[in-house]
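> One structure is given below, represented as structure tokens, and several questions about it will come after.
2 protein chains.
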Amino acid sequence: MDLHSYASAGVDIARAESFVERLKQRARRAGHDNLWKGAGGYACVVPVSGDQAVALTTDGVGTKLLVACQLNRHDTIGTDLVAMCANDLICVGARPTAFLDYYAVGSLSDEQADCVIQGIIAGCDLAGMILAGGETAEMPGLYGEGHYDLAGFAIGQVSRDGLITGEAIKAGQKLIGVASSGIHSNGLSLARKILAGDRRRLEELLTPTLIYVRPVLSLLEEKDSCVTGIAHITGGGWRNLFRLNGTVGYHIDNPLPVPDIFRQLSACVEEAEMYRTFNMGMGLCLITAGEAGRVVDAFRSHGFAAQQVGLVTDRAKTLTMKDSAVILGD
Amino acid sequence: MDLHSYASAGVDIARAESFVERLKQRARRAGHDNLWKGAGGYACVVPVSGDQAVALTTDGVGTKLLVACQLNRHDTIGTDLVAMCANDLICVGARPTAFLDYYAVGSLSDEQADCVIQGIIAGCDLAGMILAGGETAEMPGLYGEGHYDLAGFAIGQVSRDGLITGEAIKAGQKLIGVASSGIHSNGLSLARKILAGDRRRLEELLTPTLIYVRPVLSLLEEKDSCVTGIAHITGGGWRNLFRLNGTVGYHIDNPLPVPDIFRQLSACVEEAEMYRTFNMGMGLCLITAGEAGRVVDAFRSHGFAAQQVGLVTDRAKTLTMKDSAVILGD
Chain A
86 MDLHSYASAG VDIARAESFV ERLKQRARRA GHDNLWKGAG GYACVVPVSG
136 DQAVALTTDG VGTKLLVACQ LNRHDTIGTD LVAMCANDLI CVGARPTAFL
186 DYYAVGSLSD EQADCVIQGI IAGCDLAGMI LAGGETAEMP GLYGEGHYDL
236 AGFAIGQVSR DGLITGEAIK AGQKLIGVAS SGIHSNGLSL ARKILAGDRR
286 RLEELLTPTL IYVRPVLSLL EEKDSCVTGI AHITGGGWRN LFRLNGTVGY
336 HIDNPLPVPD IFRQLSACVE EAEMYRTFNM GMGLCLITAG EAGRVVDAFR
386 SHGFAAQQVG LVTDRAKTLT MKDSAVILGD
Chain B
86 MDLHSYASAG VDIARAESFV ERLKQRARRA GHDNLWKGAG GYACVVPVSG
136 DQAVALTTDG VGTKLLVACQ LNRHDTIGTD LVAMCANDLI CVGARPTAFL
186 DYYAVGSLSD EQADCVIQGI IAGCDLAGMI LAGGETAEMP GLYGEGHYDL
236 AGFAIGQVSR DGLITGEAIK AGQKLIGVAS SGIHSNGLSL ARKILAGDRR
286 RLEELLTPTL IYVRPVLSLL EEKDSCVTGI AHITGGGWRN LFRLNGTVGY
336 HIDNPLPVPD IFRQLSACVE EAEMYRTFNM GMGLCLITAG EAGRVVDAFR
386 SHGFAAQQVG LVTDRAKTLT MKDSAVILGD
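Protein chains in written order, with this note's numbering: chain A, 86 to 415; chain B, 86 to 415.
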């Protein structure tokens, strides 16, 4: 059987990363020095007044949109959009406050638009954000019949003391994994290609991305939370952990259960590619310098499955797994 | 000759407005009371700390994108994107600080992407904003060959004292019009339809939207600036003035020169439709309770053509013009 890869599904990550690098070089000019550095670049942090700053992020839901269009089910894709932004904000320690959507269509359908907005509002409620505004663009000629695109923009508030920079991550600290609800909103181009004929699985792909805001804020608001890093597992899969701190690595010896959908995909995809494309059952990963149980309990009390999954190591930018030959490096 | 209208070009404004109204109803819930009210809803204003707030806005460039694609010229469309956001922020009195872009393509082309980013960076420089981040999404299957979409998100900073609410606009105050560079980024679906075969005019459509940040900030930073309202003339044309204050109207007795491109379009479009679709040569309109000359000079000293164009009247939500039967009402 031919193995699939993310590149074979039409997404050229290397090209995209080289573009983003060039972009960073060009954008790095006067003014950037004033930004605070948040862990992993999940959000940029703009100081506003004294020790208060706002964190900003933008994201989309990728080709999960095309699954929604194919199945004509649009009521939860807006929740994914909010999740992708809100989960990024909490990675730098920010409390999400306001959300804006960009909704572009070829021709506006009341029914579709109402469904999309319903999902956005549900997501904002879960994330504690106000849907503060947005742009609805009608662009005949750019989008095909029934197609649309969605982009989200979210801001959160963070104090200098509350900012998570990732600098305090050290070997020996504990990794807590929090379960995903499935594929979330990354790797869909590859998944769609493999599951194209399987309607039940396509429907499963639409399960909304979990929003981790409430348990994370409840943790961060405790005195001495001991949380030193938070990684939202998005595009790039478990490699997202490498974003937090360039001097450490990770060893996973007690992974969360891998949902069936990833087992089905893994029949067609090389194992390392699975871990660098999908969340593999772990939607969020926290690092704590304190008791693992305290973090685990915070999530469980909010209804999320969580457990200690491993430890921080001193093997820089290397991720190893017990009982697996897969080694991810940067 | 058949007259064209915006609706005949495939853009149903009434449907879009009814959707936005429903959206507002649904989004208006706990939390919205905490937002400050900025004039015209050009940006939403989220308080951060004490008397400091951030203003947020999102916008796109509509089907100006399709002109860029048709002519394969992508070096200034990013400037339009920044302009659409930055000019909205200044309407509430905010100083633009940071910008994020969402750039979605079917398949990433280095050359096209570099051109797009070049325009975004040029725009950010003109607007005094940092390009703080962004999202580049590769979505095979959603966008046609060479097509892409762009959304911009911008934040600015504003103090309680500096917020422009529009409430101080009164009959008798002066209207200052600032020249546009042409069609800017609205009404393109209609313009493209009419000018489809005219390559020179299509090239002219790509003239970048002017960025009015510098002269506006220099004005607002003066003591007692006397500016009571600022309208960015975008979708809806001169009807944008009605957004600022529901109790007043406007009389235009000394309009800015109407650029040739609008004269050509007006051969195919009813006159009132021209004024409610296009900027008709006026990209920004300010209202002052002080001396018109002071506002005019601020723009001229920054190289923008500006003049007093009319007066605020007490005929609520009505716009009249000297020597014209056109009356715009809300």
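The beta carbon of each residue, even a glycine, is placed where N, CA and C say it ideally should be.
Quick caveat: nothing in here was measured; it's all calculated off a predicted structure.
So with CB distances below 7 angstroms, who are the chain B contacts of alanine 179(A)?
For the purposes of this step, residue 179(A) is identified with residue 94 of the first sequence, where counting begins at 1. By Cβ distance, chain B contributes nothing, its closest Cβ being about 12 angstroms from alanine 179(A), past 7 angstroms.
> Let me check understanding here. Comparing Cα to Cα, which of Ala236(A), Ala179(A) and Ala316(A) lies closest to valine 190(B)?
Stepping through the second sequence from its first residue, residue 190(B) is reached at position 105. For valine 190(B), the nearest C-alpha among the options comes from Ala236(A).
> Report back the beta-carbon spacing between valine 177(A) and glycine 213(A) to the nearest angstrom; my notes put them in contact at under 8 angstroms.
Here residue 177(A) corresponds to residue number 92 of the first sequence, with the count starting at 1. Here residue 213(A) corresponds to residue number 128 of the first sequence, with the count starting at 1. The Cβ separation is near 16 angstroms, so there is no contact.
> Pick from Leu341(B), Ile412(B), Lys407(B) and Gly368(B): whose alpha carbon is nearest that of alanine 357(B)?
Numbered from its first residue, the second sequence carries residue 357(B) at position 272. When only C-alpha atoms are compared, the closest one is Ile412(B).
> For glycine 368(A) and glycine 267(B), what's the separation of their Cα atoms in angstroms?
The sequence position of residue 368(A) within the first sequence is 283, counting from 1. The sequence position of residue 267(B) within the second sequence is 182, counting from 1. Cα to Cα, the separation comes out at about 48 angstroms.
> Pull out every residue of the region 113–137 of chain A whose Cβ sits closer than 7 angstroms to any Cβ of chain B, in chain order.
Gly116, His117, Leu120, Cys129, Val131, Val133, Ser134, Gly135 and Gln137
> What are the complete beta strand (DSSP E) segments, minimum 3 residues, inside the region 337–401 of chain A?
367–373 and 391–398
> Let me confirm a value: aspartate 165(A) is counted as buried when at least 16 other C-beta atoms fall within 10 Å, else exposed. Which label applies?
What you label residue 165(A) is simply residue 80 of the first sequence in a count that begins at 1. Buried is the call here.
> Which class does valine 146(A) belong to by DSSP, given the choice of helix, strand or coil?
Taking the first sequence and counting its residues from 1, the one referred to as residue 146(A) is at position 61. In the three-state scheme derived from DSSP, where H, G and I count as helix and E and B as strand, valine 146(A) is classed as coil.
> Could you check where the alpha helix (DSSP H) with cysteine 311(B) kicks off and where it finishes?
For this step, residue 311(B) is matched to residue 226 along the second sequence. Premise fails: cysteine 311(B) is in no alpha helix (DSSP H) and is neither H nor E.
> Would you mind giving the Cβ-Cβ distance between valine 139(A) and valine 301(B), rounded to the nearest angstrom? I have them listed as a contact below 8 angstroms.
In the first sequence, counting from the first residue as 1, residue 139(A) sits at position 54. In the second sequence, counting from the first residue as 1, residue 301(B) sits at position 216. Their Cβ separation, rounded to whole angstroms, is 22 angstroms, which puts valine 139(A) and valine 301(B) out of contact at 8 angstroms.
> Here's the rule: buried if 16 or more other CB atoms are within 10 angstroms of the residue's CB, otherwise exposed. What is glutamate 307(A)?
Taking the first residue of the first sequence as 1, we reach residue 307(A) at position 222. Per the 10 Å Cβ criterion, exposed.
> Quick one: measure Cβ to Cβ for alanine 239(A) and cysteine 170(A), integer angstroms, because I've assumed they're closer than 8 angstroms.
Counting from one through the first sequence, the residue named residue 239(A) turns up at place 154. Counting from one through the first sequence, the residue named residue 170(A) turns up at place 85. About 4 angstroms separates the two Cβ atoms, so the contact holds.
> Please list the partners that aspartate 224(B) has in chain A, where partner means a Cβ-to-Cβ separation under 7 angstroms.
Start at 1 with the first residue of the second sequence, and residue 224(B) comes out as number 139. Strictly speaking, residue 224(B) in this sequence is methionine, with aspartate absent from that position. Neighbours of methionine 224(B) on chain A, chain order: Gly147 and Thr148.
> Please report the residue range of the beta strand (DSSP E) in which phenylalanine 293(B) lies.
Start at 1 with the first residue of the second sequence, and residue 293(B) comes out as number 208. Per the sequence shown, residue 293(B) should be read as proline rather than phenylalanine. Premise fails: proline 293(B) is in no beta strand (DSSP E) and is neither H nor E.
> Going by beta carbon distance, what residues of the same chain come within less than 6 angstroms of asparagine 172(A), once the five residues before and after it are set aside?
Residue mapping note: residue 172(A) aligns to position 87 of the first sequence, counting from 1. Contacts found: Tyr297 and His317.
> Can you give me, in chain order, the residues of the region 165–176 of chain A that have a beta carbon less than 7 angstroms from any beta carbon in chain B?
none
> Looking only at C-alpha atoms, which of Glu223(A), Thr403(A) and Gln203(A) sits nearest to phenylalanine 426(A)?
Past the edges of chain A, shown from 86 to 415, lies residue 426(A), and the structure says nothing about it.
> If we count the other Cβ atoms within 10 Å of its Cβ and call it buried at 16 or more, is aspartate 345(A) buried or exposed?
Here residue 345(A) is taken as the residue at index 260 of the first sequence, counted from 1. Counting every other CB atom within 10 Å of its CB across the protein chains shown gives aspartate 345(A) a total below 16, marking it as exposed.
> What do you get for leucine 156(B), buried or exposed, if any count of 16 or more other CB atoms within 10 angstroms of its CB means buried?
Here residue 156(B) refers to the residue found at position 71 when the second sequence is read from its first residue. Exposed: under 16 other Cβ atoms inside 10 Å.
> Would aspartate 234(A) be called buried (16 or more neighbouring beta carbons within 10 Å of its own) or exposed?
Taking the first residue of the first sequence as 1, we reach residue 234(A) at position 149. Aspartate 234(A) comes out buried.
> Tell me whether glycine 322(A) is buried or exposed, calling it buried when 16 or more other Cβ atoms sit within 10 Å of its Cβ.
As a working note, residue 322(A) is residue 237 in the first sequence. By the 10 Å Cβ count, glycine 322(A) comes out buried.
> Here's the rule: buried if 16 or more other CB atoms are within 10 angstroms of the residue's CB, otherwise exposed. What is alanine 410(A)?
The sequence position of residue 410(A) within the first sequence is 325, counting from 1. By the C-beta density criterion, alanine 410(A) is exposed, having fewer than 16 other C-beta atoms within 10 angstroms.
> Strictly by DSSP, which residues pair up with tryptophan 121(A)?
The residue you call residue 121(A) lines up with position 36 of the first sequence. In the DSSP output, where bridge partners are listed per residue, tryptophan 121(A) has Val130(A).
> Quick one: Cα of leucine 141(B) to Cα of leucine 174(B), how far?
Walking along the second sequence from the start, residue 141(B) turns up at place 56. Walking along the second sequence from the start, residue 174(B) turns up at place 89. Approximately 7 angstroms, taken between the alpha carbons.
> Glutamate 220(B) bridges to which residues according to DSSP?
As a position in the second sequence, residue 220(B) is number 135, starting the count at 1. Paired residue(s): Tyr187(B).
> Let me make sure I understand the geometry here. Which of Gly414(B), Met406(B), Asp399(B) and Ser103(B) has the alpha-carbon closest to that of lysine 255(B)?
Residue 255(B) sits at position 170 when you count from the first residue of the second sequence. Among Gly414(B), Met406(B), Asp399(B) and Ser103(B), the Cα nearest to that of lysine 255(B) belongs to Asp399(B).
> Does the Cβ-Cβ distance between glycine 208(A) and glycine 163(A) come in under 8 angstroms?
As a working note, residue 208(A) is residue 123 in the first sequence. As a working note, residue 163(A) is residue 78 in the first sequence. Yes, the Cβ-Cβ distance between glycine 208(A) and glycine 163(A) is below 8 angstroms.
> In the DSSP assignment, the alpha helix (DSSP H) including leucine 273(A) goes from what residue to what residue?
Here residue 273(A) refers to the residue found at position 188 of the first sequence. Where leucine 273(A) is concerned, the enclosing alpha helix (DSSP H) stretches over 273–280.
> In the DSSP assignment, find the alpha helix (DSSP H) that holds serine 303(B) and state where it starts and stops.
On the second sequence, residue 303(B) is found 218 positions in, with the first residue counted as 1. Here the alpha helix (DSSP H) through serine 303(B) covers 298–305.
> Enumerate in chain order the residues of its own chain whose CB-to-CB distance from leucine 304(B) is below 7 angstroms, with the five nearest sequence positions on each side excluded.
The sequence position of residue 304(B) within the second sequence is 219, counting from 1. Contacts found: Ser310, Val312, Val380 and Ala383.
> Helix, strand or coil for arginine 158(A)? Go by DSSP, reduced to three states.
Here the question's residue 158(A) lines up with position 73 in the first sequence. Note: arginine 158(A) maps to coil in three-state DSSP.
> Where phenylalanine 389(A) and arginine 100(B) are concerned, what is the direct C-alpha to C-alpha distance, given to the nearest angstrom?
Numbered from its first residue, the first sequence carries residue 389(A) at position 304. Numbered from its first residue, the second sequence carries residue 100(B) at position 15. Between phenylalanine 389(A) and arginine 100(B), the C-alpha separation is close to 41 angstroms.
> For chain B, find out if any of its Cβ atoms is closer than 8 angstroms to the Cβ of aspartate 283(A); answer yes or no.
Residue numbering aside, residue 283(A) sits at position 198 when the first sequence is read from its first letter. So, not an interface residue.
> Do valine 167(A) and leucine 290(A) count as a contact pair if the criterion is CB distance below 8 angstroms?
Mapped onto the first sequence, residue 290(A) falls at position 205. Mapped onto the first sequence, residue 167(A) falls at position 82. With respect to the 8 angstroms criterion, leucine 290(A) and valine 167(A) are not classified as neighbours on the basis of their beta carbons.
> Is the CB of glutamate 106(B) under 8 angstroms away from at least one CB in chain A?
As a working note, residue 106(B) is residue 21 in the second sequence. By this cut-off, glutamate 106(B) is not an interface position.
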